[in-house]
Amino acid sequence: MRRVTVLGATGSIGQNTLELVARAPDRFEVVALTGGRNIAQLAHDARRLGAQVAVTAHDDLLGDLRDALAGSGVTAAAGATAIDEAADRPADWTMSAIVGAAGLAPGLRALEHGGTLALANKESLVTAGPLVMQTARRHGARILPVDSEHSAIYQALAGEDIDTVERVIITASGGPFRDWPLDRLRTATVAQASAHPNWAMGQRITIDSASMFNKALEIIETKEFFGVSPEIIEVLVHPESLVHALVGFNDGALMAHVGPPDMRHAIGYALNWPARHDLPVARLDLAQAGRLSFEAPDPGRFPALRLARETLARGGLAGAVFNAAKERALDGFLAGRIGFMQMAETVEDVLSRIYPDNGLIDAGFSLDTVARADHVARVTADAAMAARGAAAHS
Ligand code: NDP
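Numbered per my numbering, the sequence shown finishes at 642, counting up by one with no gaps.
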């Protein structure tokens, strides 16, 4: 029996994970499930899967969760500390699928008791890559990437020597705005940015895909997880979303991972690792797919990629600043405070305002320093967005 905890169980990745767990009750036993506002889903899954504990991130929803779990034998808890405690419970395998920087602390707690952390929360590696990787090493824990591109790279690297890798290519669908000219991008709405052509995902990552901030995060994630130099990481726009990543070796071989755009593959790979088990994903018919096309991303329309490389060049806690500024700019776009292209402008503003502050960026990695960089970046992003709003209205 593999003891399983799912952090972010009510989200898109969390629900796909539970679907796979529920298919094999003889192999998996659920320890803890955590969620946010979706109490009905959290309680339903905790009951049907016999979890020990269910935790909502929101203290004010504890009463609702208790009511929903009454008579089930599942313990209810609430708040960020309770999520950390859920992650502390002994489990063999933990899915880290909380969205945003909030996923870092519970992921670290899970790593501290060893076992395997399936990492969907890319923000953990972007904000605190060295801390996450060191924590895993120190406690003998294993991290398996769940982002489809990174799962693809991981699989292409199986049995290979990382020193023979010349290039790592991650693909991007190009999102709904792949062909949109700059002028039109400036007018893009939340509804338009929330409609991904190929992947069904949570709203925030879907909008990050439209702006290519998702790919920007993934460049940083690739560097932090695989330890490769940023110069060998390439991005290719691949509208069919069938090739998820390619790894180039020093003998010229290029190994591609090909499959349908379905997160259950990467989740299932991590869930069953090191074995492979049958998964309910469509089998690809390449003759029917017909054509695989690739193009270079346009840096003018998608400045997020350049910003990610500048962030990597800066090093230290710049990733935490980059991620927090991006999260706050996305909040601003969702709230109608700024336009689509102003998300990148806001992040660039924040980076340029914070970069001279070496004390903040070079403070070393701990949960406290990451939280401080995150906080300062959010406040700075708010100021940058307010200044832009004021400029727009003057
Ligand atoms: P969703 O928005 O669908 O789900 C997020 C989950 O986190 C939900 O369970 C939500 O609870 C919970 N949550 C939200 N805020 C908090 C908080 N402050 N504290 C604790 N829990 C919180 O996101 P996705 O499933 O799409 O993405 C999850 C992570 O996986 C992200 O880091 C994303 O980048 C990454 N990822 C996602 C992919 C996908 O296909 N969706 C692909 C690759 C990576 P509730 O909904 O109950 O409020």
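In this text, a Cβ means the ideal position worked out from N, Cα and C, and glycines have one as well.
Just so you know, these numbers come straight off a predicted model, no measurement behind them.
CB contact flag (valine 269, leucine 297, <8 Å): Taking C-beta atoms as the reference points, valine 269 and leucine 297 count as a pair closer than 8 Å.
Pairwise C-alpha distance: glycine 422 and arginine 314: C-alpha separation (whole angstroms): 43 Å.
Span of the alpha helix (DSSP H), counted from its first residue to its last, around proline 604: Proline 604 -> no alpha helix (DSSP H), and no H or E assigned at all.
Contact check, alanine 280 vs alanine 299, beta carbons under 8 Å: Taking the C-beta atoms as reference points, alanine 299 is found nearer than 8 Å to alanine 280.
Burial state of glutamine 403, where buried means 16 or more other Cβ atoms lie within 10 Å: Around the CB of glutamine 403, 16 or more other CB atoms lie within 10 Å, so the residue is classed as buried.
Cα-Cα separation between proline 445 and isoleucine 287, rounded to whole angstroms: Between the C-alpha atoms of proline 445 and isoleucine 287 there is a straight-line separation of about 29 Å.
Span of the beta strand (DSSP E), counted from its first residue to its last, around isoleucine 418: Looking at the DSSP string, the run of the beta strand (DSSP E) that includes isoleucine 418 is 413 to 420.
Rounded separation between aspartate 579 and arginine 415 - CA only: Just so you know, the alpha carbons of aspartate 579 and arginine 415 end up roughly 34 Å apart.
Any 3 or more C-beta pairs closer than 8 Å across the segment 487 to 502 and the segment 517 to 524: Segments in contact, no.
Contacting residues, own chain, Cβ-Cβ under 6 Å from phenylalanine 613 (five flanking each side not counted): Spatial neighbours of phenylalanine 613 in its own chain (CB-CB distance under 6 Å, excluding positions within 5 residues in sequence) are listed in chain order as Ala376, Pro378 and Leu379.
Beta-carbon separation (whole angstroms), leucine 484 vs isoleucine 391, contact threshold 8 Å: Actually they are not in contact, since the Cβ atoms of leucine 484 and isoleucine 391 sit about 25 Å apart, beyond 8 Å.
Secondary structure of arginine 390, DSSP reduced to three states: DSSP places arginine 390 in the strand class (E or B) of the three-state scheme.
Start-to-end residues for the beta strand (DSSP E) that takes in threonine 258: Going by DSSP, threonine 258 is part of no beta strand (DSSP E) at all; its letter is neither H nor E.
In chain order, each alpha helix (DSSP H) run of at least 4 residues that lies wholly inside the segment 346 to 383: Note on the segment 346 to 383: whole alpha helix (DSSP H) runs with a minimum of 4 residues are 352 to 360, in chain order.
Rounded straight-line distance, which links the Cα of threonine 258 to that of glutamine 289: Across the structure, glutamine 289 and threonine 258 are spaced so that their CA atoms are roughly 6 Å apart.
Own chain residues within Cβ distance below 8 Å of tyrosine 603, not counting five before or after: Result list for tyrosine 603: Arg562, Ala566 and Ile609, in chain order.
Cβ pair valine 347, glycine 283 closer than 8 Å: For the 8 Å CB-CB criterion, valine 347 and glycine 283 do not form a contact.
Distance cut-off 7 Å: methionine 646 Cβ against heavy atoms of the ligand NDP: Nothing can be reported for residue 646: it is not among the residues displayed for the chain, which extend from 249 to 642.
Classification of leucine 430 by the beta-carbon crowding that lies within 10 angstroms, buried from 16 upward: Under this definition leucine 430 is an exposed residue.
Separation of histidine 513 from histidine 641, as counted between CA atoms: Unreliable positioning characterises histidine 641 in this predicted model, as indicated by a pLDDT of 48, which lies under 50. A coordinate reading is not provided.
Three-state secondary structure (DSSP) of glutamate 543: Residue state, collapsed to three classes: strand.
Bridge partners - valine 301, DSSP secondary structure assignment: DSSP, once it has assigned bridges, lists Ala280 and Thr323 as partnering valine 301.
Beta-carbon proximity of leucine 532 to proline 509, cut-off 8 Å: One thing to note: leucine 532 has its Cβ no nearer than 8 Å to the Cβ of proline 509.
Inter-residue spacing [alpha-carbon to alpha-carbon] between aspartate 409 and methionine 633: Approximately 46 Å, taken between the alpha carbons.
Residue from Thr559, Ala291 and Arg434 whose Cα sits closest to the Cα of glycine 321: Nearest option by C-alpha distance: Ala291.
Rounded Cβ spacing between leucine 527 and valine 506 (contact assumed at less than 8 Å): A Cβ-Cβ distance of about 15 Å is found for the pair leucine 527 and valine 506, leaving them out of contact under the 8 Å criterion.
Stretch-stretch touch, CB-based, cutoff 8 Å, three pairs: the segment 530 to 546 with the segment 465 to 485: Three or more pairs of CB atoms, one per stretch, sit closer than 8 Å, so the segment 530 to 546 contacts the segment 465 to 485.
Pick from Thr628, Arg385, Ala458 and Ala272 that is closest to aspartate 427, judged by C-alpha positions: When only C-alpha atoms are compared, the closest one is Ala458.
CB of alanine 436 within 8 Å of CB of phenylalanine 588, strictly: Yes, Cβ-Cβ distance for alanine 436 and phenylalanine 588 is below 8 Å.
Pairwise C-alpha distance: isoleucine 480 and threonine 412: Between the alpha carbons of threonine 412 and isoleucine 480 lies a gap of roughly 12 Å.
Secondary structure of arginine 231, DSSP reduced to three states: Given that the chain is displayed from residue 249 to residue 642, the structure contains no residue 231 and the question cannot be resolved.
Cβ-based neighbour list, proline 478, same chain, cut-off 8 Å, excluding 5 preceding and 5 following: Beyond the five residues adjoining it in sequence on each side, proline 478 comes within less than 8 Å, by CB distance, of Ile467, Lys471, Arg557, Leu560 and Ala561 in the same chain, given in chain order.
Three-state secondary structure (DSSP) of phenylalanine 550: If DSSP states are grouped into helix, strand and coil, phenylalanine 550 belongs with coil.
Contact under 8 Å by Cβ, arginine 620 with arginine 576: Between arginine 620 and arginine 576, the C-beta spacing is not below 8 Å.
Option nearest alanine 504 by Cα separation, candidates Gln382, Glu397, Gly548 and Leu555: Closest option to alanine 504, Cα to Cα, is Glu397.
Assigned exposure category for methionine 249 - 16 Cβ within 10 Å defines buried: Result: exposed.
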